[in-house]
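Enquirer:
Chains as they are written, first to last, in this note's numbering: chain G, 1 to 225; chain B, 1001 to 1225.
#1: How would you call residue 14 (chain G), buried or exposed, if buried means at least 16 neighbouring beta carbons within 10 angstroms?
#2: Where does residue 47 (chain G) land, buried or exposed, given buried means 16+ other C-beta within 10 angstroms?
#3: So, at 8 Å on beta carbons, what are the nonlocal neighbours of residue 20 (chain G) in its own chain, with the 5 sequence-adjacent residues on each side left out?
#4: Hey, does residue 1176 (chain B) have any beta-carbon neighbour from chain G nearer than 8 Å?
#5: Candidates G:54, G:140, G:128: which alpha carbon is nearest residue 228 (chain G)'s?
#6: Near residue 42 (chain G), what residues of its chain come up, given a Cβ to Cβ distance below 6 Å and the 5 sequence neighbours on each side ignored?
#7: So, are the CB atoms of residue 1107 (chain B) and residue 1171 (chain B) less than 8 Å apart?
#8: Shorter than 8 Å from the beta carbon of residue 1131 (chain B) to some beta carbon of chain G?
#9: Mind listing the chain G neighbours of residue 1204 (chain B)? Cutoff is C-beta to C-beta under 7 Å, in chain order.
#10: Scan the region 186-205 of chain G for residues whose Cβ lies nearer than 8 Å to a Cβ of chain B and list them as they occur along the chain.
#11: Compare the C-beta of residue 12 (chain G) with all C-beta atoms of chain B and state if any pair is closer than 8 Å.
#12: Give the list of continuous beta strand (DSSP E) stretches no shorter than 3 residues that lie fully inside the region 134-175 of chain G.
#13: Which term fits residue 1112 (chain B), buried or exposed, when burial requires 16 or more other beta carbons within 10 angstroms of its beta carbon?
#14: Hey, residue 132 (chain G) and residue 179 (chain G) are a contact pair by Cβ (cut 8 Å); roughly how many whole angstroms apart?
#15: Which two residues bound the contiguous alpha helix (DSSP H) that contains residue 1111 (chain B)?
#16: Work out the CA separation of residue 1086 (chain B) and residue 1010 (chain B) for me, nearest whole Å.
#17: Have a look at residue 1120 (chain B) and residue 1150 (chain B) and give me their C-alpha separation to the nearest angstrom.
#18: Can you list the residues of chain B that residue 157 (chain G) reaches, using a CB-CB cut of under 7 Å?
#19: Please confirm whether residue 1220 (chain B) and residue 1192 (chain B) have their CB atoms less than 8 Å apart.
#20: Comparing alpha-carbon positions, which option in G:209, G:97, G:187 lies nearest residue 143 (chain G)?
#21: Counting contacts by CB-CB distance shorter than 8 Å, is residue 1019 (chain B) in contact with chain G?
#22: Name the chain B residues whose beta carbon is nearer than 7 Å to that of residue 97 (chain G)?
#23: Going by the DSSP bridge assignment, what does residue 1048 (chain B) pair with across the sheet?
#24: Leaving out five residues before and five after residue 1088 (chain B) in sequence, what residues of the same chain have Cβ atoms less than 8 Å from its Cβ?
#25: With a threshold of 8 Å between beta carbons, is residue 154 (chain G) in contact with chain B?
#26: What is the DSSP secondary structure of residue 77 (chain G), counted as helix, strand or coil?
#27: I need the straight-line Cα distance from residue 1197 (chain B) to residue 134 (chain G), nearest angstrom please.
#28: Measuring CA to CA, which of G:55, G:70, G:52 is closest to residue 234 (chain G)?
#29: Identify whether residue 211 (chain G) lies in helix, strand or coil by the three-state DSSP scheme.
#30: Between residue 176 (chain G) and residue 1176 (chain B), is the Cβ-Cβ spacing less than 8 Å?
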């Protein structure tokens, strides 16, 4: 399965600004991208980057600099347009007849495991969707050229409606890991609790820890300095 | 599989107070409980209530009053203690030898489906855990009398440690539906987007709707009056 991974390195993850500065957000975004690309490949997928411009990863941000960077040598498509038209252009290859299915997996699914992605790739339906928390579409598989994405607003509901309007079947993939896109400070707890890749290592290295504090939902804590 | 469903009708769901008054929170809590009990039974489980006192559901809160109330005739254990000791007392039946496994499923998993619960019941391990968002333990299956729960704090991590200390294997169940316990106003969006039972119907009847508003994560909206 070819798997499109949209990613932008231009001021990424702005909603993490309360806890990470711009350079940190960029490094953390690359750590998550590498985790996603690794998991896609381990699930048997063939990752391809969809980027708005040249990719310039921070030179020194690999957790273990003996690692090969999984971003090296990945196929990449450069498309300057916003996410929705860029993904739809990528999906148009389905109409050419040489590709029977394509997946789109967001680059901030830091909890994605090969097992969770294999469930997505193996799900049925003309369209298979892994919903994100709050009604987003974190990952999907498309098997029909009549389907188009629209990531604005409540995209999970919109994607179901777009599929229904085109007479296409939809399978939903029930995965906590794929539902967790890392956008806001509260999401970092999930990475610390359930992640075991570069993203979790990066956060720990940056001083983040789980703060139980007696609350029924836990927060992250980062000591000053 | 016998499935313990802890529930309290004493001022439930206090963190929903910003959007629901005390009577509404009680009615909504019962709607969620009924959804969970229905889903457990449809998944092949045998639900049993664990309550701190007599259960007195609002007389008029069934969405369709021709429905039979699934709470009628359910086995129930009354235990006045807090959640952790009450659940541990219930789990002590595993040591008696007449029960080989027990599940504990929280009463506020309004998105639980028979399919998601069947994955939990069918998971392997001496202990199978469906983690909640923020490090909680929303549902688990216990097959060894040496395991004890501790719901305080980051219970998912604590439960893994308790199991490891007792030499028990743990299987984690990756389910967005089981990870969504409905505690806070933001959680209501998930019920509206993914629920199709009494809880979602109750919220719609109470005037809640999904408010897309152009945000990347959506909120709930409840018109005044």
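We treat Cβ as the ideally placed atom computed from N, Cα and C, and that holds for glycine.
Expert: Considering the structure as presented:
#1: exposed
#2: buried
#3: 13, 28, 206
#4: yes
#5: Absent from the structure is residue 228 (chain G), since the part of chain G shown begins at 1 and ends at 225.
#6: 114
#7: no
#8: yes
#9: Within chain G, no residue comes near residue 1204 (chain B); the closest Cβ sits about 14 Å away, beyond 7 Å.
#10: 186, 189, 190, 193, 194
#11: no
#12: 137-142, 170-172
#13: buried
#14: 5 Å
#15: Looking at the DSSP string, residue 1111 (chain B) is not in any alpha helix (DSSP H), and its letter there is neither H nor E.
#16: 16 Å
#17: 19 Å
#18: 1193
#19: yes
#20: G:97
#21: no
#22: Near residue 97 (chain G) there are no residues of chain B at all, since even the closest Cβ is about 34 Å away, more than 7 Å.
#23: B:1004
#24: 1148, 1149
#25: yes
#26: strand
#27: 19 Å
#28: This structure does not reach residue 234 (chain G), given that chain G is present from 1 up to 225, and the question cannot be answered.
#29: strand
#30: yes
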